[in-house]
Structure formats: C-alpha cells, structure tokens
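**Q**
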C-alpha cells in the first residue's frame, strides 16, 4: 500500500502530464491558425457615421469605389425596413444590415468583400 507522499507525487505527476498535453494542443492550434490569419496591415476598412444614408448614398459609393476596401461599415444609417438602399451599389460585398425599429436614429450596415470572407468560429472551453 502506498503511503500518502507517494500518492501525492502520483497526483502531481498526473496533473503535470495533463498540463503538458493542454499546452501541446494550444501550440498546435496556434500553428493551424497561422496559415489562415490575415495580416492586419493588409486590411482596408472604410467606416462612416452617416447621419442618414439615403441622402449621401452616391457620395459613399464614390468614396468606396476609389479604393479596394475589405470592409465597409456605416452607422446611424437612419434606415427603416422596406427601404432598399440599392445593395447593387456594393455588389462585390456581402451586405449585413440592421435597421432601426421605432427610433429616429440608429441603424448599421456592414459590408464584407466577398473574396474576404474567411472566418471561422473557434470553440473555447
């Protein structure tokens, strides 16, 4: 029969082995992610607080057409459901839109260049 010290040593060894295994798994995950990461230096993002999208739509289109943006973000669009902003203006983008409900203010548009969509959700414990 093992004495208490030997049992305690065995438990510590088991804990160390588990920690080593977790560390190895995290290192492997990081290596996998390196292949799919996008260099932040290469991303081009256009952001505008619109204070009304409809009246400035052509101005925004002009600003965005001149450059090759990966993400285009607008807030305070002041749009309501049923108003078509002409998604064709952003035809190379996947457009996500959340309109205001009852408020006069608010609303968001996020457009992601179709070639740019390389996201994956990482499950964390």
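In UniProt numbering, the protein residues as written are 1 to 125.
Ideal Cβ placement from N, Cα and C applies to all residues, glycine included.
Taking 7 Å as the cut-off, decide whether the C-beta atoms of residue 74 and residue 109 are in contact.
**A** The residue labelled residue 74 in the question sits at position 74 within the chain shown. The residue labelled residue 109 in the question sits at position 109 within the chain shown. For residue 74 and residue 109, yes; Cβs fall inside 7 Å.
**Q** For the candidate residues 41, 70, 49, whose alpha-carbon lies nearest to that of residue 114?
**A** Locating residue 114 in the chain shown gives position 114, counting from the first residue. Taking only the C-alpha atoms, the option nearest residue 114 is 70.
**Q** Which residues in the same chain have their Cβ closer than 6 Å to the Cβ of residue 100, if we skip the five residues on either side of it in sequence?
**A** By one-based count along the chain shown, residue 100 stands at place 100. Result list for residue 100: 106, 107, in chain order.
**Q** Distance check for residue 72 and residue 93, CA to CA, integer angstroms please.
**A** Here residue 93 is taken as the residue at index 93 of the chain shown, counted from 1. Here residue 72 is taken as the residue at index 72 of the chain shown, counted from 1. Approximately 9 Å between the Cα atoms of the pair.
**Q** Report the rounded CA-to-CA distance for residue 16 versus residue 5, giving the unit in angstroms.
**A** Counting from one through the chain shown, the residue named residue 16 turns up at place 16. Counting from one through the chain shown, the residue named residue 5 turns up at place 5. Distance between the alpha carbons of residue 16 and residue 5: 16 Å.
**Q** Could you have a look at residue 174 and say whether DSSP puts it in helix, strand or coil?
**A** Given a span of 1 to 125 for the chain in the structure shown, any question on residue 174 remains unanswerable.
**Q** Just to confirm the assignment, what range does the alpha helix (DSSP H) spanning residue 41 have?
**A** The residue labelled residue 41 in the question sits at position 41 within the chain shown. Segment: none, residue 41 is in no alpha helix (DSSP H) and carries neither H nor E.
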